[in-house]
Amino acid sequence: MEKDKKSKTKTTKKIAKKSVSLLLPVYNPRGEIEKETSLPKEIFNVNSSPRLLAQYVRAYLINQRKGNASTKTRAQVTGSTKKIYRQKGTGRARHGDIKAPIFVGGGVVGGPKPKDYSLKLNKKQKKRALFSALTLKLKEKNIFIFSSKILKITPKTKKIIDLFKKLNLSSSKILFIFPKIQKNDFLLAVRNIPDINLVEVGTINPYLILKNEKIVFFDESIDVLKKHFIGN
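Take the sequence shown: its letter number 215 is residue 217 in our numbering, and every next letter is one higher.
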């Protein structure tokens, strides 16, 4: 019985993996299907690892933290190194310079120093986490592809909003992935729309993919993604 259960779970997993369609429509500036493009299975159809994604997000967020608490020692405090008075003959306690910890404004003994809170993930883990995030978004049907012609659209925000409404993107947090971010009419048109994030292919990471509800690639971005991770 246990063997039968295991074999069933294995077959269902295989079926689930095959059921993901890698063929997506490419939309033109009017929101119409211009053509279809096939996504690379090496990137968009992998075995997703929720545990690895959670590990990546934790590492990413904690790596944003900077341990800024810091105090200066007597060697770092600005001031004269001259002895405040001579060693003998004054009847007072012996002292060195004014930067000694016992003086106001002097250095601190055993004070806090910037702490490194960072967590490390190796390249293989980061790569697998990114592919897992993209696969997850594709399974949720939250990946869209726009034609690069949209980048040359007349810079009218209303046109972009109408396009978003037509494709059911208007009430979503959207991540646009560009082959390269350059000043163009599309950027002018979307800059006043809330919940729009723009990144280049080379800077995407699993956290950005998961944080945004919809992911929009341009057809040229897919080509750059293939070259970067798979090669020619």
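Glycine included, each C-beta is placed from N, C-alpha and C at the ideal position.
Chain-order list of residues whose beta-carbon lies under 7 Å from that of residue i (same chain, five-residue window excluded)
i, result
"threonine 156", "Asp187"
"asparagine 47", "Lys19, Val22, Leu24, Thr137"
"serine 72", "Pro114, Lys115, Pro116"
"asparagine 144", "Glu215, Lys216, Ile217"
"tyrosine 119", "Ile64, Arg67, Gly69"
"threonine 11", "Because threonine 11 carries a pLDDT of 49, less than 50, the predicted location of this residue cannot be relied on, and the following value inherits that uncertainty. Excluding positions up to five away in sequence, the list is empty."
"arginine 96", "Gln89"
"lysine 37", "Val28"
"arginine 61", "Position check: residue 61 holds alanine in this sequence, whereas arginine was assumed. Closer than 7 Å at Cβ, skipping near neighbours: Leu121, Leu123."
"glycine 233", "none"
"glycine 98", "Lys85"
Residues near residue i by beta carbon distance below 6 Å, same chain, minus five either side
i, result
"tyrosine 29", "Phe148"
"asparagine 75", "The identity of residue 75 in the sequence shown is threonine, whereas the question assumes asparagine. If we look at threonine 75 and ignore the five residues flanking it on each side, its Cβ neighbours are Gly109."
"lysine 175", "Asp197, Asn214, Glu215"
"lysine 228", "Pro42"
"lysine 128", "none"
"asparagine 235", "As displayed, the chain neither begins before 3 nor continues past 234, which places residue 235 out of reach and without an answer."
"isoleucine 205", "Just to set this straight, residue 205 is threonine in the shown sequence, not isoleucine. There are no such residues."
"glycine 81", "Ile100, Lys101"
Other residues of its chain near residue i: CB distance less than 8 Å, five sequence neighbours each side excluded
i, result
"leucine 210", "Leu177, Asn199, Val201"
"serine 223", "Ile179, Phe180, Pro181, Val203"
"serine 172", "Ile163, Phe166"
"valine 79", "Lys101, Gly107, Gly108, Gly109"
"asparagine 94", "For the record, residue 94 in the displayed sequence is arginine; it is not asparagine. Closer than 8 Å at Cβ, skipping near neighbours: Tyr87."
"serine 51", "Arg130, Ala131, Ser134"
"lysine 154", "Asn186, Asp187, Phe188"
Integer Cβ distance of residue i from residue j, believed to fall under 8 Å
i, j, result
"leucine 55", "alanine 131", "6 Å"
"valine 226", "proline 181", "5 Å"
"leucine 133", "leucine 169", "Reading off the sequence, residue 133 comes out as phenylalanine, not leucine. Between leucine 169 and phenylalanine 133 the Cβ distance is about 25 Å, and since that is not below 8 Å, they are no contact."
"lysine 151", "alanine 191", "Their Cβ separation, rounded to whole angstroms, is 13 Å, which puts lysine 151 and alanine 191 out of contact at 8 Å."
"alanine 135", "proline 208", "4 Å"
"leucine 212", "valine 59", "7 Å"
"threonine 159", "isoleucine 183", "Actually they do not touch by this definition, with Cβ atoms about 18 Å apart."
"phenylalanine 231", "isoleucine 45", "6 Å"
Paired residues, beta bridge with residue i - DSSP
i, result
"phenylalanine 146", "Val218"
Alpha helix (DSSP H) segments (min. 4 residues) lying fully within the region 14-93:
43-46, 52-64
Would you check if there are 3 or more beta carbon pairs closer than 8 Å linking the region 30-39 to the region 79-94?
no
Could you tell me which uninterrupted beta strand (DSSP E) segments, each at least 3 residues in length, are contained entirely in the region 106-178, listed from first to last along the chain?
145-148
At what residue ranges does the region 185-233 contain a whole run of the alpha helix (DSSP H), taking only runs of 4 or more?
187-192, 208-213, 221-231
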